[in-house]
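Q:
In my numbering, the protein residues as written are 6 to 284.
Okay, here's the thing in structure tokens:
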């Protein structure tokens, strides 16, 4: 009789444990773990865990609301545990659950400051070497060492020359021979290709011409481009030679006769310079 009563008592308990799920549509009892109802085929939703009303923080023990995820005192994340789990943990350990205190953060080791990288120094190119200058021998005379003012003695006449600058010179000339006289200006362009005592030049001469003979008398013009050179004899003396074609036009006033022609003219003379010249 006692065994029968024990069996009748255990059968409903086992049935409740095995058939813990119930279909919400048809109220059919279902075994644990069923996903669909065996009577109507409705999908069975798994039971949701019961959210406790109060949750204690495991870090500081602060009591928080059951739906809170973080502690309102220390900010630690809250772990939701069921009362059964808490009881099992307490029973197993034999002691109340102690909150786990946070480990204080260790300060990071000091980092040595980075050593700034110095940029490479700018390498300057070597200074250009000056060309070696030829030593000047002051005892050596050149035609360009003379002063700016000179008087020329040429056959058959005289001239006065003045250098405006090392490249340009002006000259006034007068020549007379057997009743024919020429006087006028000359312009010199001194060449840059000068070596030693010799200076080359070129230029143009414009002369007024007057003549008088036994029965003739008249005047005219002469234009002569020339080329030549000047050779220094000393600091104050030089010899000059130039030549070129001269276009001459004459008019006889006694007989009203005009005549023109081209003549080749050679001039030679000496130049006497005044002053100490340029060093």
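Where is the CB? At the ideal position from N, CA and C, for every residue including glycine.
Suppose you measure from the CA of residue 98 to the CA of residue 80; what does that come to, to the nearest Å?
A: Start at 1 with the first residue of the chain shown, and residue 98 comes out as number 93. Start at 1 with the first residue of the chain shown, and residue 80 comes out as number 75. Residue placement at residue 98 cannot be trusted, given a pLDDT of 44 that sits under 50; the coordinates are not used to answer.
Q: Quick check: the Cα distance between residue 243 and residue 258, rounded to an integer number of angstroms?
A: As a working mapping, residue 243 is identified with position 238 in the chain shown. As a working mapping, residue 258 is identified with position 253 in the chain shown. If you take the alpha carbons of residue 243 and residue 258, they lie about 41 Å apart.
Q: Straight-line CA distance for residue 180 to residue 234?
A: As a first step, residue 180 is located in the chain shown; it is residue number 175 there, counting from the start. As a first step, residue 234 is located in the chain shown; it is residue number 229 there, counting from the start. So the alpha carbons of these two residues sit roughly 20 Å apart.
Q: Quick check on residue 193: buried or exposed, where buried means 16 or more other Cβ atoms within 10 Å of its Cβ?
A: For this step, residue 193 is matched to residue 188 along the chain shown. Classification for residue 193: buried.
Q: Let's see if you can read the secondary structure: which residues bound the beta strand (DSSP E) around residue 275?
A: What you label residue 275 is simply residue 270 of the chain shown in a count that begins at 1. Segment 262-279, the beta strand (DSSP E) holding residue 275.
Q: If you run the structure through DSSP and keep just helix, strand and coil, what is residue 240?
A: Along the chain shown, one-based indexing puts residue 240 at 235. If DSSP states are grouped into helix, strand and coil, residue 240 belongs with coil.
Q: Count the other CB atoms, across all protein chains shown, that sit within 10 Å of the CB of residue 260; report buried if there are 16 or more and exposed otherwise.
A: In the chain shown, the residue the question calls residue 260 occupies position 255. When all chains shown are included, residue 260 counts as exposed.
Q: Give the straight-line distance between the Cα atoms of residue 189 and residue 201, rounded to the nearest whole angstrom.
A: On the chain shown, residue 189 is found 184 positions in, with the first residue counted as 1. On the chain shown, residue 201 is found 196 positions in, with the first residue counted as 1. So the two alpha carbons sit approximately 31 Å from each other.
Q: How many Å lie between residue 269 and residue 167 at the Cα?
A: The residue given as residue 269 occupies position 264 in the chain shown. The residue given as residue 167 occupies position 162 in the chain shown. Using only the alpha carbons, I get a separation of about 26 Å.
Q: Report the three-state DSSP secondary structure of residue 170 (helix, strand or coil).
A: In the chain shown, counting from the first residue as 1, residue 170 sits at position 165. Looking at residue 170 - three-state DSSP - the assignment turns out to be strand.
Q: Just the C-alpha distance for residue 141 and residue 232, rounded to the nearest angstrom, thanks.
A: Position 136 of the chain shown, counted from the first residue, corresponds to residue 141. Position 227 of the chain shown, counted from the first residue, corresponds to residue 232. For residue 141, the predicted structure reports a pLDDT of 49, less than 50, and the residue's modelled location is therefore unreliable. The matter cannot be settled from this model.
Q: By how many angstroms is the C-alpha of residue 161 removed from the C-alpha of residue 211?
A: Position 206 of the chain shown holds residue 211. Position 156 of the chain shown holds residue 161. Those two C-alpha atoms are separated by around 17 Å.
Q: According to DSSP, is residue 50 part of a helix, a strand, or is it coil?
A: By 1-based counting over the chain shown, the position of residue 50 is 45. Residue state, collapsed to three classes: coil.
Q: Over what stretch of residues does the beta strand (DSSP E) that includes residue 156 continue unbroken?
A: Translated into positions along the chain shown, residue 156 becomes position 151. Start and end: 154-159.
Q: Taking Cβ positions, are residue 223 and residue 253 nearer each other than 8 Å?
A: Locating residue 223 in the chain shown gives position 218, where the first residue counts as 1. Locating residue 253 in the chain shown gives position 248, where the first residue counts as 1. Result no, Cβ atoms of residue 223 and residue 253 do not sit closer than 8 Å.
Q: Does the CB of residue 133 have a neighbour CB from chain C at under 8 Å?
A: Among the chains in the structure shown there is no chain C, since it carries only a single protein chain.
Q: Alpha carbon to alpha carbon, how far is residue 47 from residue 62?
A: The residue given as residue 47 occupies position 42 in the chain shown. The residue given as residue 62 occupies position 57 in the chain shown. Roughly 40 Å separates the two Cα atoms.
Q: Keeping to the same chain, check which residues put their C-beta closer than 6 Å to that of residue 246; ignore five residues upstream and five downstream.
A: To locate residue 246, count along the chain shown from 1; it is residue 241. Excluding positions up to five away in sequence, the list reads 233 and 273.
Q: By DSSP's criteria, residue 227 is part of a beta bridge. Which residues make up the other side?
A: Here residue 227 corresponds to residue number 222 of the chain shown, with the count starting at 1. Residue 227 is bridged to 212 and 253.
Q: Rounded to whole angstroms, what is the Cα-Cα separation between residue 267 and residue 213?
A: In the chain shown, counting from the first residue as 1, residue 267 sits at position 262. In the chain shown, counting from the first residue as 1, residue 213 sits at position 208. Their Cα atoms are separated by approximately 16 Å.
Q: Could you check whether residue 83 and residue 3 sit closer than 8 Å to each other, using their CB atoms as the reference points?
A: In this structure the chain extends from 6 to 284, so residue 3 is not present and cannot be described.
Q: Going by DSSP, what residue range makes up the beta strand (DSSP E) through residue 186?
A: Taking the chain shown and counting its residues from 1, the one referred to as residue 186 is at position 181. 185-195 is the span of the beta strand (DSSP E), which, as asked, contains residue 186.
Q: Using the C-alpha atoms, what's the distance from residue 157 back to residue 185?
A: Along the chain shown, read from residue 1 onward, the residue named residue 185 stands at position 180. Along the chain shown, read from residue 1 onward, the residue named residue 157 stands at position 152. Cα to Cα, residue 185 sits roughly 20 Å from residue 157.
Q: Please report the straight-line C-alpha distance between residue 262 and residue 256, rounded to a whole angstrom.
A: For this step, residue 262 is matched to residue 257 along the chain shown. For this step, residue 256 is matched to residue 251 along the chain shown. Going by the C-alpha atoms only, they are around 6 Å apart.
Q: What separation, rounded to the nearest whole angstrom, lies between the Cα atoms of residue 283 and residue 218?
A: Translated into positions along the chain shown, residue 283 becomes position 278. Translated into positions along the chain shown, residue 218 becomes position 213. Bear in mind that the predicted position of residue 283 carries a pLDDT of just 41, short of 50, making it too unreliable to give a figure here.
Q: Take residue 153 and list the residues in its own chain whose beta-carbon comes closer than 7 Å to its own, dropping the five residues that flank it on each side.
A: Within the chain shown, residue 153 is the residue found at index 148, counting from 1. Excluding sequence neighbours, residue 153 sits near 167 and 168.
Q: With distance defined between alpha-carbon atoms, name the residue in 26, 66 and 69 nearest to residue 51.
A: As a working mapping, residue 51 is identified with position 46 in the chain shown. Nearest option by C-alpha distance: 26.
Q: Going by DSSP in three states, residue 30 sits in which element: helix, strand or coil?
A: As a position in the chain shown, residue 30 is number 25, starting the count at 1. Note: residue 30 maps to coil in three-state DSSP.
Q: Assuming the contact rule is C-beta atoms closer than 8 Å, residue 271 and residue 251 should be a hit. Round their C-beta distance to whole Å, please.
A: Numbered from 1 along the chain shown, position 266 holds the residue referred to as residue 271. Numbered from 1 along the chain shown, position 246 holds the residue referred to as residue 251. Contact flag wrong, Cβ pair sits at about 10 Å.
Q: Using 10 angstroms around the beta-carbon of residue 208, count the other beta-carbons present and answer buried if the total reaches 16, otherwise exposed.
A: Indexing the chain shown from 1 puts residue 208 at position 203. Residue 208 comes out buried.
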